[in-house]
Every structure is written in structure tokens, then in C-alpha cells.
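Using this note's numbering, you'd call the opening residue of the sequence shown number 2 and step up by one each time. C-beta atoms are modelled at their ideal positions from N, C-alpha and C, and glycine is treated no differently. The block underneath contains the structure these notes are about, expressed in C-alpha cells.
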Amino acid sequence: MPALVTQNFRIHNSRQFFEMFDEGALVGGTATSNTAVSTALSTNAYLFIGKADSWSGSFDDTTIPDPSTNTNPSSDSTSNTSYSHWNDMIAAKKIGSADVSHVITRHNWTSGRHYSMFTDTEVLSELLSTRTSQTLANTSGTGTASASLYPMYVMNTSFNVYKCLYNAEVEISGTNYPQVSTVEPTAVSTDAGAPAALADGYIWKYMYSISASDALKFVTSSYIPVKQLRDANAYGNTGTAGGLGSGGVKNDGSDQATIEFNSVDGALDVFVVDTDGGSYHFENNKTITNSGESTTLTLASPTLTSADTYNNSSIYFTFSGSSYVRKITDMSYSSPNATLTLNATVPALSGTITANVAPYAVINGDGHGAEVVLTANGSAANSVGGVTVVSSGNSYTTATLTVEQQGTGAGTGAAITTVLPPKGGHGYDPVSELGGYFIMINTKLTQDESGKFTTSNDFRKIGLLTDPNTDAGYTRITDAAVTQAKTFTYTANTAAISGDITISQNSTGANGATAYVIDVNASASTMTVVNVTNGANTSAGYDGRPGSFQCTTSNTASSFTGVSTSVAAITYSGGNAVLSNVANGAMQIGSGKIIYIENRAPVARAADQTEDIKLIIEF
2 MPALVTQNFR
12 IHNSRQFFEM
22 FDEGALVGGT
32 ATSNTAVSTA
42 LSTNAYLFIG
52 KADSWSGSFD
62 DTTIPDPSTN
72 TNPSSDSTSN
82 TSYSHWNDMI
92 AAKKIGSADV
102 SHVITRHNWT
112 SGRHYSMFTD
122 TEVLSELLST
132 RTSQTLANTS
142 GTGTASASLY
152 PMYVMNTSFN
162 VYKCLYNAEV
172 EISGTNYPQV
182 STVEPTAVST
192 DAGAPAALAD
202 GYIWKYMYSI
212 SASDALKFVT
222 SSYIPVKQLR
232 DANAYGNTGT
242 AGGLGSGGVK
252 NDGSDQATIE
262 FNSVDGALDV
272 FVVDTDGGSY
282 HFENNKTITN
292 SGESTTLTLA
302 SPTLTSADTY
312 NNSSIYFTFS
322 GSSYVRKITD
332 MSYSSPNATL
342 TLNATVPALS
352 GTITANVAPY
362 AVINGDGHGA
372 EVVLTANGSA
382 ANSVGGVTVV
392 SSGNSYTTAT
402 LTVEQQGTGA
412 GTGAAITTVL
422 PPKGGHGYDP
432 VSELGGYFIM
442 INTKLTQDES
452 GKFTTSNDFR
462 KIGLLTDPNT
472 DAGYTRITDA
482 AVTQAKTFTY
492 TANTAAISGD
502 ITISQNSTGA
512 NGATAYVIDV
522 NASASTMTVV
532 NVTNGANTSA
542 GYDGRPGSFQ
552 CTTSNTASSF
562 TGVSTSVAAI
572 TYSGGNAVLS
582 NVANGAMQIG
592 SGKIIYIENR
602 APVARAADQT
612 EDIKLIIEF
């Protein structure tokens, strides 16, 4: 059956993944400080590195196998994800919640580009993508040209992120086309609703600012971080700054927090004039008076003097800090003034008050409280040029705007689209609004991570592992960093042992057992090895398994405890030695789940080096 996997589904999955790193942040709607509970709920995730040896077969360090295909040594098969990735695993580092962020594609504001504006009727994936070869307004706005239409959000040079609510559409031959953006958005406004248009006509909604610390961890040439501060699950959505809400999510007092907590669900902030019509009556800056609270106003010296000319018009003015929009239901004229009858009372006015008269706009919908006034087209005075929002209202899920015909039959043809906001209002949930279905994991491998990571060899594989157990049993491992390569202790070596060689044991019990050496500590007579394979014999070795390496101590098979040096002999290019002890890696092989694999060109390590690893996962 036909079906749709929505953008909301992608966002939901990304949030579930993000939350797994700190599930204990919310328990039944309140934050928990119980370490045991937090540990039990949260997923222990580790980033691991592996593959010190070169790729083999048809692959090499320049022809790297793609793990997303089914014909290479890293494909998504059981033998790989459950077993083989463990064989060449070198070490792993735990990922904390501070190492993870939702991210969105980076789009720097650039002058001269056309940007999409948010609409509730357009597919979100389209609004978030760059659409090439679109018919748009040319740079002068006098005609059309073929150009790219860029996504509806940008980051400015100060690392502030903005969402386009209006792209200065211009009517050309009866069709509206987006214009180019030439003024960089810079204002940081936390006011509800849409801000004023810039000089180029664009309206940009400030969404959030990227902190210096987040920029360092999560900003790349292709991605920028995005987050929602209020609870995604609706717990603790109080506006109290400086502490934890009832649901455990902090309102940090930032501009973003103010926007999120002040956003209004179903507010009508944006209206788009599709057709400007003609023959409408407008009056600007006309003096008005009344005598006490009344439904009557006197309009001084109107341009049009015929009775009923302004019936079904709106009159708009401000007085004592409040805005008033009233419908004119009747008009009479006695030189030099007109008397206007209104649909509702206005307070007693004092001083010089000016008002504007325009066609009356009726908003029909399931919300309440929205009020607008129409403005004239600057280039065509008798047509509708724009919409000024006096009150955005709230709770609208459907809304239409109709321009009423004025008295004496004036005004026809204007059509205006009402743009419904996303759920919660613009700025309520930047993750959902801007397509934050990417997750970035940023982990730094700092030198040798307190001796857990070798700095003497390179790696070619990066992966994610969830909830591995300790090698000793079925207890989840929680260490900050662990070595997974085995450590071999040796004695009586006849020649120096180096990294990137293979050792083997061909004696009784382990005929053909091999291991790949990635690091050697000659002073301690130890070597770190991966790719350990058992031999052909059936006798058990250090781990009690048939064909495994024999060592003079710590053999778990009782019959081989304390084996002779000849049985424990190992050979390598240029020499031989005696294997005296084997220490497993910290994690139980095959435990947990390997959920991500990425192959790369060799990454060389050094004792004074830190690798900054960023993984991008798209849901």
C-alpha cells in the first residue's frame, strides 16, 4: 500500500538516537540524580578504531572499500558486524552526551542569492534543499532569470542562524517571483512574531546563536549544530530562566530560550500578497477625533467625499501605546470632515491622532485574535501592496484572508495567502523546523588516552559500538577509554620485534595460530596484537579454545598450564621468542552491537597528536 515516511519520522528517530546517550536526564518527567538509574537507562556508546594493516585483495590505501556495498570486506553481514570488526579493533573511547549534537546542512548567507521562504504548503525537504534552474526575479527585480533557489535558512558571519519568512516576492507579468537577498540579517530579536523587513524586502526570523564551544565541536564546512532547549516531550516547558523546569530541561536564559518559550502556537505572522488587485481606496495619515468612548470617529478632510465611500474599510491607529483596528460600517460627509460609524467602540482620544484607512481584511479560521491592516502598493496606489500584522492571534490550524469590497463597489481582485506556522510557532523547535535529522558525534583521541590507545600505528576503520560487556563477564563496561587489542608478553627473543609484522605459533596445540603486531614495548617485553587467529590443532590454549596460542603462564586449559618454552615458541620475520602471557582486551568480543562502520585512508598517529573525529549520521 502507498505510504509516506514523513520528515517528523526522521526527526523522531534522530532524537531517539540523541537521547540514548543520556536517557537518565528525564525519568517520569523529572530529572534524576540517581547514578544507578541513569546508568541503567542510558546506552553506553563507544567510538572505536581498527584496521592497522593495509587493505587486501583488490583494495589498498587509495582504493578504500565502501562498507555500504555488499561485495567488500566491511559489508553489513553477520560475519563482519558480529565478528570480523572485533578482530582488528584496536581501542575504544566512550562517547558522552556532550559529544553529540543534532546538525543541519551549513548555508552561509551570501549576497545575491535567492532564498526559499517558509510556507506551510510546500514540502519541507524542498525548502531545505538547493533547487537549481528555477525561474526567479533577476538581480534588478525587473524581469526573470534562471537561477538557484537556496534553502530557507542561513548562518551569518556572527554564527547566528535565521529562517526566511518572506523572500521579497515581486510581481512580474502577473506572477510572483523571489528576489535576491542583498542585506545580511544581523538583528538578534526575541520578540514573538515576524520582524520588520530589511531594506531588500526579506524578512528573517532569528532562531539561535551558535556558541563558541559548540562551534569548535560541531561546526564544519558542511554542517552546523542545532538544538531545542525546551523539552521535546513537553515536560518542563516553563519559561523560568536560570534553572531547571519541572521536566528537567534548563532554560538557560539565552536568546534562543526566550524565543522558544515565548513562541505562540498557531500565530499568524506572515501573509503573502499573490494578486494586488485594483481600484481600492486608501487614506494615510488622516487626523481623527471623537467625543468620549464611542463607535463614531471624525475623519478630517478625506480624499473621497461621497457618502459610503469607505464602508467596509478598516481604520487603523495607535493611541496611548495600544493599536486599534476597526471596521467602518457607515460613512457620511459634511465638509470638510467625514463621520465614520465603527463596528466596535474606541476610547476617548486626545491630542493629534492620525489614522490610515484601507480595505478591510477578514480572517476566517479556527483560531482567534488575529488582526491585520492592508497597505497600498507603492508603485500602484490603488492596489494592495502588503499586510501589516497588528495581532498574530493564536491556535490557528486553518485560516484564510478575504479582502472585502469597499463602499460604492470599489476594489477588486486582491488575493492574499495566509501562511500557517509550524507547530508551536516559528522558533519553537529549531531541530524540526530546520531539518535536524543529522546527528554529529565529535570525539577527540588525545595522544594515547592515558595509555589505552597506541600512538605507534595508524588506523583505517572507525566504528560505533553500543553496550559492550567487560571481558570478564556480562557486566556493561563504562570505562572512559579501553584497549581492545590483546597484549602478548614474551621472553628470550632472538631478534627485535617490530610493529606491522605477523607472528605465528606452529608448535603442538596451536599449529598455524597467527597475530598481527601493531605496537611493541621492548623494555617491557610486550607487544600489542590484533587479528588473532587460531591454529589447526584441537588442543586448547590460553583461552581454553582449540588451536589458540600457548603461553608458559595463564593457560586456561589445565593440561597446558605451564607449558614448555618449546610449545610456547613464536616465530616472526628475523627471529623467534617465547610467549609467556596473553592479556585480552577490555571488552568481551561480540558483546554489544556494532551500529556504524566507516572506512578511511590511513590515519597516522603520534605521541603528541590529537585526532578530532566527526561522524555524521543521517536518519
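Residue from the options whose Cα sits closest to the Cα of residue i
i, options, result
"Glu261", "Ala193, Phe320, Ser57", "Ala193"
"Leu375", "Met90, Val391, Leu48", "Val391"
"Asn291", "Ala301, Thr187, Glu284, Ser223", "Ala301"
"Ala99", "Gly144, Met21, Gly175", "Met21"
"Cys165", "Asn522, Thr495, Ala195", "Ala195"
"Tyr517", "Ile91, Asp77, Thr158, Asn470", "Ile91"
"Ala578", "Gly379, Asn494, Gly452", "Asn494"
"Ser574", "Met153, Ser499, Tyr224", "Ser499"
"Ala200", "Ala569, Val184, Ile463, Tyr209", "Val184"
"Lys94", "Asp544, Arg107, Pro547, Leu446", "Leu446"
"Phe489", "Ala496, Thr467, Asn522", "Asn522"
"Glu172", "Asp277, Thr122, Ala268, Gly97", "Asp277"
"Ile204", "Asp270, Pro226, Gly144", "Asp270"
Segment limits, beta strand (DSSP E) that includes residue i
i, result
"Pro303", "Where Pro303 is concerned, there is no enclosing beta strand (DSSP E), given that its DSSP letter is neither H nor E."
"Asn522", "514-522"
"His427", "Note, His427: premise wrong, no beta strand (DSSP E); not H, not E."
"Glu284", "284-290"
"Lys462", "460-467"
"Ser393", "381-395"
"Ala213", "It is not in any beta strand (DSSP E) - Ala213 instead sits in the alpha helix (DSSP H) that spans 213-219."
"Met432", "According to the sequence shown, residue 432 is Val rather than Met. Not the beta strand (DSSP E): Val432 falls in the alpha helix (DSSP H), residues 431-434."
"Ile498", "First-last for Ile498: undefined, no H or E at that position."
"Asn532", "527-534"
"Val568", "Here Val568 belongs to no beta strand (DSSP E), and DSSP marks it neither H nor E."
"Pro3", "Premise fails: Pro3 is in no beta strand (DSSP E) and is neither H nor E."
"Ile596", "594-604"
"Leu616", "611-619"
Straight-line Cα distance separating residue j from residue i
i, j, result
"Lys615", "Thr479", "22 angstroms"
"Gly436", "Ala138", "27 angstroms"
"Asp472", "Ala584", "10 angstroms"
"Tyr167", "Phe119", "7 angstroms"
"Ser315", "Val326", "7 angstroms"
"Glu24", "His13", "15 angstroms"
"Val274", "Thr70", "50 angstroms"
"Ala511", "Val564", "12 angstroms"
"Ser384", "Ser174", "15 angstroms"
"Ile595", "Leu465", "6 angstroms"
"Asp253", "Ala362", "40 angstroms"
"Asp215", "Gln406", "54 angstroms"
"Tyr429", "Phe19", "19 angstroms"
"Glu450", "Gln551", "30 angstroms"
"Asn600", "Pro68", "7 angstroms"
"Ala587", "Val530", "14 angstroms"
"Gln180", "Trp87", "55 angstroms"
"Ser396", "Gln257", "22 angstroms"
Residue burial classification, residue i (beta-carbon count within 10 angstroms, cutoff 16)
i, result
"Ser623", "Coverage of the chain is limited to positions 2 through 620, which leaves residue 623 absent and any answer about it impossible."
"Met2", "exposed"
"Asn458", "buried"
"Ser280", "exposed"
"Pro431", "buried"
"Asp520", "buried"
"Glu170", "buried"
"Ala541", "buried"
"Phe10", "exposed"
"Leu5", "exposed"
"Pro337", "exposed"
"Ala382", "exposed"
"Asn109", "exposed"
"Gly202", "buried"
"Val124", "exposed"
"Lys52", "buried"
"Asp62", "exposed"
Span of the alpha helix (DSSP H) around residue i
i, result
"Asp262", "Sequence check: residue 262 is Phe here, not Asp. Taken as a continuous stretch (DSSP letters only), the alpha helix (DSSP H) holding Phe262 covers 256-263."
"Gln8", "8-20"
"Glu405", "From DSSP, Glu405 is part of no alpha helix (DSSP H); its letter is neither H nor E."
Test: residue i CB closer than 7 angstroms to a CB of chain C
i, result
"Ser540", "Absent from the structure is chain C; it holds one protein chain and no more."
Worksheet item: Quick one: complete beta strand (DSSP E) runs, 3+ long, within the segment 302-338?
Response: 314-320, 323-335
Worksheet item: Which ranges would you report for the alpha helix (DSSP H) in the segment 109-170 if only whole runs of at least 4 residues count?
Response: 125-128
Worksheet item: Can you list, in chain order, the stretches of the beta strand (DSSP E) that have 3 or more residues and sit fully within the segment 62-105?
Response: 90-95
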